[in-house]
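The sequence shown begins at 3 in this note's numbering and counts up by one.
All C-beta atoms, glycine included, are put in the ideal place defined by N, C-alpha and C.
Worksheet: the structure to be examined is printed underneath.
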Amino acid sequence: MDAETMEAIEKWAADEFRSTNGQLQWIIAEALRKSGRMKKKKTIIKKEEKE
3 MDAETMEAIE KWAADEFRST NGQLQWIIAE ALRKSGRMKK KKTIIKKEEK E
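What follows is the structure, encoded as structure tokens:
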């Protein structure tokens, strides 16, 4: 990766309070989801039983 791209990613990561590695993982995961190559994670919300 060229220095200019890396600097932009580092700044973006800092703006979002992420590590550079975390930002790269997020960018890749978002690209995979948007292209349909990776499914969105389903969030399971459990309702608490009333007593």
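### Task
Buried or exposed for GLN27, please, with buried defined as at least 16 other CB atoms from any protein chain shown within 10 angstroms of its CB.
Start at 1 with the first residue of the sequence shown, and residue 27 comes out as number 25. Counting Cβ neighbours within 10 Å, GLN27 comes out exposed, since fewer than 16 surround it.
### Query
On the three-state DSSP scale, how would you describe MET3?
Position 1 of the sequence shown holds residue 3. In this structure, MET3 counts as coil in the three-state DSSP scheme.
### Query
Hey, how far is the Cα of ASN23 from the Cα of ILE11?
For the purposes of this step, residue 23 is identified with residue 21 of the sequence shown, where counting begins at 1. For the purposes of this step, residue 11 is identified with residue 9 of the sequence shown, where counting begins at 1. Their backbone Cα atoms lie some 9 Å apart in a straight line.
### Task
Just the C-alpha distance for GLU32 and LYS43, rounded to the nearest angstrom, thanks.
For the purposes of this step, residue 32 is taken as residue 30 along the sequence shown, with counting starting at 1. For the purposes of this step, residue 43 is taken as residue 41 along the sequence shown, with counting starting at 1. Going from the Cα of GLU32 to the Cα of LYS43 covers about 12 Å.
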